[in-house]
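> Under UniProt numbering, the sequence shown is numbered contiguously, ending at residue 602.
The structure that follows is given in the form of structure tokens.
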Amino acid sequence: MGAANAVRLDEAQRSVAEAAADERLVIVAGAGQGKTEVVTARLQSLIEDEGLSASAELLVLSFSRAAVHAVRSRLCNRDIAEVNVRTFDSFASQLLLEADVEPAIGFEARIRQATELLADNDDIADLVESLRHVIVDEVQDLVGERADFVWALLSNLSDDAGFTVLGDPLQGIYDFVLDESTAPTTSPELLGSISTELGATEVSLSTNYRARGADCIRAAELGPLLRSKTKPDEARSALRGFRDSLPHVERVEDWSFLDLYGGRSAILCRSNAEVLRISRELVDEDIAHAVRRPAQSFGAAKWIGSALGALQGPIVARSDVEQRLEQILDKADAEDAWYLLKSAEQRGRGMNQIDLDRLRRRLGAGTVPLTLTEGDDDMRIIVSTVHRAKGLEFDNVFIADWSDRPDEDDPWAPIRLEYVALTRARDTIVMVTTPRRHSVVSECRWLPDRLQERMGPKGKSRARALEIGYGDTYAARPVAVDNASVAQVQAALEKLTPGVAVEAELDRMRSDAQRPIYALTVNGRTVGRTTDEFGEDFSAAFKVRPGQWPAALTDMVLVSVETVAGDPSIAAEAGAGPGGFWLVPRVAGLARPLWDVMEKVG
């Protein structure tokens, strides 16, 4: 039996991997207990032993991009046929496109649309009924709209179809989403319905495969201990004792010690405010790093725009695409890239040509398959919230400024969060503290959804820096700034690698008395510009005299260079090529104005 022999599975894992296609299972798997290997072996068995079609009869869904990537990588390593492996958001968008429904703006709205389709659209219902087995990962993080979406999907399967649902209640850290959700369904409620109404059988895994270092092995053993506790105070005490036993680095002002640790490292923080503070310190020390983005903010890979932007569509021959791909990638990767593009196009006819119009629509609708996204997997140092590191593994984990913070609404929430943080590492876990700061980074009521760094006493504080994020780079059309043409900006972006420092210079031509626009630069070369919305928030935060703007901003980092899609005629007229694809930078940081030089505009 192929699946069992591919990796060493213990008895519990093997029982899951070799179960019949119509079995309905709920798998409880703690951190590092081989969940990804089990999913991969399960898929291999379903394809090779049960005879299911990888592309038409199987579907794998996960909450996190990291988990999707891990499954895809294992499948590729075993030469298993391409399986439809997606995040919930991506699959929802795919259903909307299949039904020719215009996707709503916002991920939650699209999930609601897809849930309604599953109930009301006969064509979509037929598509779901053709599935023979569905695998759902990270079920403990499914709450609200996503929980309802998965319930609608599983309950619409045919009677002879099966599913494998995997998760760990101890790692459920997304309950806070319910505060803003229109659907009240919790993860335990979803699991209860799956077990009682759909007849699922529960199986628990036990062996840990991730942990190698002594402290990491001890962290893995926390799982059964914490699950045995009935009182949160007892669980919190156990975690505190473990935390105190770990290596500590106090008052970190120089992060160069990270070079002492081999492999890939993560600095994990409780909040995005702490992430941006530490990122700024790494930028100041010229330490290349990635700021981890939300799963929904991984855009299309840079090589797509580099390859397709110069091609005249809408229909392009495979030979022309592969010629462009081979100029950017090596020959083997170029061939793989062609098949990835065809898979994203989702057009069965014409295997030796591609429809750029169709591909642009799919990129614009947010249905980019994971294999075509621009990830941060090659970065040696990642700075992330614990939530965004969910599903990731690192050789070393540095947990920053951690302390007990009770939650009156859910006393178990901080316990689950710390457990997730402690179980991301294979070799080393280190607790770090940073010096006390004299500023506060938080959202203000009058400028929600954007962090500000403010100094001074409460009620009299002033802004020092303003958060700049994924959506603050202008992407609606190719950018030219001052003396840098569109072609020059695109050429600069093609050569960039993430993790480098980004500066900003006032764009006097586009700025006006109401808001500033800044040209984004790396090592003096223009790579993009900020949006009008960022300029309006900047004006609101700093309250300077209208039309008097700081000449420069600093303390930002390049997160990624991604491909965006748009009107081919606009792209061609701008000088980015006729394909309708171009490159944009994504930036993160606490953008700090340099007040020594002010410029007047308007």
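Note that CB positions come from ideal geometry on N, CA and C, so glycine has one too.
1. Just the C-alpha distance for His-289 and Ser-279, rounded to the nearest angstrom, thanks.
2. Can you give me the C-alpha to C-alpha distance between Ala-92 and Gln-548, rounded to a whole angstrom?
3. Around the Cβ of Gly-199, are there at least 16 other Cβ atoms within 10 angstroms (buried) or fewer (exposed)?
4. Do Thr-36 and Leu-75 have their CB atoms nearer than 8 Å?
5. With H, G and I counted as helix, E and B as strand and the rest as coil, what does DSSP make of Thr-201?
6. At the level of alpha carbons, what is the spacing between Asp-395 and Ala-475?
7. Which same chain residues, not among the five before or five after Glu-274, have their C-beta less than 7 Å away from its C-beta?
8. Look up Phe-298 in the DSSP assignment and say whether it is helix, strand or coil.
9. Going by DSSP in three states, Asn-5 sits in which element: helix, strand or coil?
10. What is the C-beta distance between Arg-450 and Ser-439, in whole angstroms, given that I count them as a contact (C-beta under 8 Å)?
11. Given this structure, state the Cα-to-Cα distance separating Ala-235 from Gln-171, to the nearest angstrom.
12. Which residue comes first and which comes last in the alpha helix (DSSP H) that contains Trp-151?
13. Could you tell me if Asn-523 is buried or exposed, where buried requires 16 or more neighbouring beta carbons within 10 angstroms of its beta carbon?
14. From Ala-238 to Pro-414, what does the alpha carbon distance come to, in whole angstroms?
15. Counting beta carbon pairs with one atom in the region 123 to 143 and one in the region 48 to 61, are three or more of them shorter than 8 Å?
16. Beta-carbon within less than 8 Å of Asn-5's beta-carbon, same chain only, minus the 5 sequence neighbours each way: which residues are those?
17. My output table needs one value for Asn-396: the three-state DSSP class, helix, strand or coil.
18. Any chance the region 490 to 504 sits against the region 558 to 569, with 3 or more Cβ pairs inside 8 Å?
19. So, does the region 20 to 30 touch the region 193 to 212, judging by three or more C-beta pairs under 8 Å?
20. Find the nearest neighbour of Val-441 within the set Val-101, Lys-458, Asp-427 and Ala-114, judged by alpha-carbon distance.
21. If you draw a straight line from the alpha carbon of Ser-73 to that of Ile-354, how long is it in whole angstroms?
22. Please confirm whether Ala-300 and Val-368 have their CB atoms less than 8 Å apart.
23. My guess is that Ala-504 and Thr-531 are in contact by the Cβ rule of under 8 Å, so how many angstroms apart are they, rounded?
24. Is it right to say Asp-482 is buried, meaning 16 or more other beta carbons lie within 10 angstroms of its own, or is it exposed?
25. When we look at the beta-carbon of Pro-103 and count the other beta-carbons within 10 Å, is it buried (16 or more) or exposed?
26. If you draw a straight line from the alpha carbon of Asp-512 to that of Val-601, how long is it in whole angstroms?
27. Mind checking Ile-315: buried by the 16 CB within 10 Å criterion, or exposed?
28. Grab me the residues of Ala-119's own chain with a C-beta within less than 7 Å of its C-beta, minus the 5 sequence neighbours each way, in chain order.
29. Whole angstroms are fine: how far does the CA of Ala-161 sit from the CA of Thr-373?
30. Would Met-1 be called buried (16 or more neighbouring beta carbons within 10 Å of its own) or exposed?
31. Can you list, in chain order, the residues of its chain with a C-beta nearer than 8 Å to that of Gln-13? Leave out the 5 residues immediately preceding and following it.
32. Are the beta-carbon atoms of Pro-232 and Trp-412 separated by less than 8 Å?
33. Measure from the alpha carbon of Asp-472 to the alpha carbon of each residue in Val-489, Tyr-518 and Pro-435, then state which is nearest.
34. Apply the 10 Å Cβ neighbour rule to Gly-51 and answer buried if 16 or more other Cβ atoms are within range, or exposed otherwise.
35. Quick one: Cα of Ile-173 to Cα of Cys-269, how far?
36. Quick check on DSSP: helix, strand or coil for Leu-311?
On the basis of the coordinates in this document:
1. Distance from the CA of His-289 to the CA of Ser-279, rounded to the nearest whole angstrom, comes to 8 Å.
2. Using only the alpha carbons, I get a separation of about 46 Å.
3. Counting other Cβ atoms within 10 Å of its Cβ, Gly-199 stays below 16 and is therefore classed as exposed.
4. Not in contact: Thr-36 and Leu-75 (Cβ atoms no closer than 8 Å).
5. Three-state result, Thr-201: strand.
6. Rounded to whole angstroms, Asp-395 to Ala-475 spans 35 Å at the Cα level.
7. Cβ neighbours of Glu-274 beyond the five flanking positions: Ala-400 and Asp-401.
8. Note: Phe-298 maps to coil in three-state DSSP.
9. In this predicted model, Asn-5 has a pLDDT of only 44, less than 50, meaning its place in the structure is not dependable enough to derive any value.
10. Not quite, the Cβ-Cβ distance comes to about 16 Å (not below 8 Å), so this is no contact.
11. One C-alpha to the other measures close to 14 Å.
12. From DSSP, the alpha helix (DSSP H) with Trp-151 extends over 144 to 155.
13. Using a 10 angstroms sphere on the CB of Asn-523, the tally of other CB atoms stays under 16, which defines it as exposed.
14. The straight-line gap from Cα to Cα measures roughly 13 Å.
15. Judged by pairs of C-beta atoms under 8 Å, the region 48 to 61 touches the region 123 to 143, as three or more such pairs exist.
16. Reliability fails at Asn-5, whose pLDDT of 44 lies under 50, so the model's placement of it is uncertain and no value is given.
17. Note: Asn-396 maps to strand in three-state DSSP.
18. Contact between the region 490 to 504 and the region 558 to 569 is present, because at least three Cβ pairs lie under 8 Å.
19. In short, these stretches touch, since the Cβ pair count reaches three.
20. Residue nearest to Val-441 within the set Val-101, Lys-458, Asp-427 and Ala-114 is Lys-458 (criterion: CA-CA distance).
21. Across the structure, Ser-73 and Ile-354 are spaced so that their CA atoms are roughly 25 Å apart.
22. Contact flag set, yes.
23. Not really, about 12 Å apart at Cβ, beyond 8 Å.
24. The residue is exposed, with fewer than 16 neighbouring Cβ atoms inside 10 Å.
25. The residue is buried, with at least 16 neighbouring Cβ atoms inside 10 Å.
26. The C-alpha of Asp-512 lies about 6 Å from the C-alpha of Val-601.
27. It is exposed - the Cβ of Ile-315 has fewer than 16 other Cβ atoms within 10 Å.
28. Around Ala-119, the same chain offers Ala-152 as residues with beta carbons nearer than 7 Å, after the five sequence neighbours per side are excluded.
29. Here the C-alpha atom of Thr-373 lies approximately 31 Å from the C-alpha atom of Ala-161.
30. Caution is warranted here: a pLDDT of 45 is assigned to Met-1, below 50, making its placement in the model unreliable, and the coordinate value is therefore given only provisionally. Its Cβ having fewer than 16 others within 10 Å, Met-1 is exposed.
31. Within the same chain, Gln-13 has close Cβ partners Gly-34, Glu-37, Val-38, Ala-41, Leu-205 and Thr-207.
32. Yes; because the gap between Cβ atoms is below 8 Å, this pair is in contact.
33. That would be Tyr-518, whose Cα lies nearest to the Cα of Asp-472.
34. Classification of Gly-51: exposed, given that the 10 Å Cβ count is below 16.
35. Roughly 14 Å separates the two Cα atoms.
36. If DSSP states are grouped into helix, strand and coil, Leu-311 belongs with coil.
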